[in-house]
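Notes to accompany the following structure.
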Amino acid sequence: MIQGEHEGVLKTGTSTVGITFDGGAVVGADHRATMGHFVANKSVQKLFRIGDNL
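Dropping the structure here:
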């Protein structure tokens with residue numbers, strides 16, 4: 013990487029993982045919401061039930 017190539021780039025992200033198996037699936041995510049480098053909320057709901065089997 014060239015020095016200064018990514019200056020001013022704001023990195024944001026989240027941690028989410030999903031695993032499937034013969035009996036179903038498991039999904040998990042973190043709870044934090046960010047605004048730039050600031051953690052805006054530490055308890056955001058990111059996973060939602062969309063049905064009895066999903």
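Here this note's numbering = 1-based position in the sequence shown + 12. Every residue, glycine too, gets a C-beta built ideally from N, C-alpha and C.
Boundaries of the beta strand (DSSP E) harbouring Asn53: 50 to 53, taken from the DSSP string. Sequence-distant Cβ neighbours of Gly63 in its own chain, meaning closer than 8 Å and more than five residues away, do not exist here. Shown here for Ser27: same chain residues with a beta carbon closer than 7 Å to its own, the five before and five after excluded, namely Ala41, Asp42 in chain order.
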